[in-house]
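What follows is a set of notes on a single structure, which appears directly below.
In the numbering used here, the protein residues as written are 212 to 325.
Following this line, the structure appears as structure tokens:
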């Protein structure tokens, strides 16, 4: 069976999901129970109806996972900054070496061509 994760946006049929509050029935122990329900919902098994609490719980779990991933990336930023500084220093050093070698090549050309 196809599983909708988090707060559903669309039903299997493509219908829009709406927030629904169940009416109080005579023997209802949970009056006002909330659902995410397909706008075309009929109790025929062809449309989606999810208890609100499940959708919200799955959404919280999804957002928690994304937050944990973001925290890992944020913790790596100082390390990456250090690597950038180190690489910038290496580039500066290599440009200095390139200047020295360019002068030496020029001097050798002058000696060899004379």
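Beta carbons: idealized from backbone N, C-alpha and C, even for Gly.
Neighbourhood of residue i by C-beta distance below 6 Å, restricted to the same chain and skipping five residues each side
i	result
residue 234	none
residue 319	none
Candidates the options: closest to residue i by CA position
i	options	result
residue 223	293, 259, 292 and 303	259
residue 257	263, 264, 265 and 248	248
residue 245	269, 264 and 313	264
residue 157	229, 266, 307 and 270	Given a span of 212 to 325 for the chain in the structure shown, any question on residue 157 remains unanswerable.
Three-state secondary structure assigned by DSSP to residue i
i	result
residue 249	strand
residue 285	helix
residue 227	strand
residue 234	coil
residue 213	Its pLDDT being 48, under 50, residue 213 is placed unreliably by the model, and nothing is read from it.
Own chain partners of residue i with C-beta closer than 8 Å, once the 5 adjacent residues on each side are dropped
i	result
residue 298	none
residue 212	At residue 212 the pLDDT is 43, less than 50, meaning the model places this residue with poor confidence; the figure from the coordinates comes in the next sentence. For residue 212, where only same-chain residues beyond five positions count, there are no Cβ hits under 8 Å.
Residues near residue i in its chain [Cβ-Cβ closer than 7 Å; skip 5 each side]
i	result
residue 219	228, 247, 259, 261 and 266
residue 366	Lying before the first or after the last residue shown, residue 366 is absent from the chain, which here runs from 212 to 325.
Exercise for review: Decide yes or no for the touch test of the stretch 289-299 against the stretch 269-277: beta carbon pairs closer than 8 Å, at least 3 of them.
Suggested key: The stretch 289-299, when compared against the stretch 269-277, does not touch it at the 8 Å Cβ threshold.
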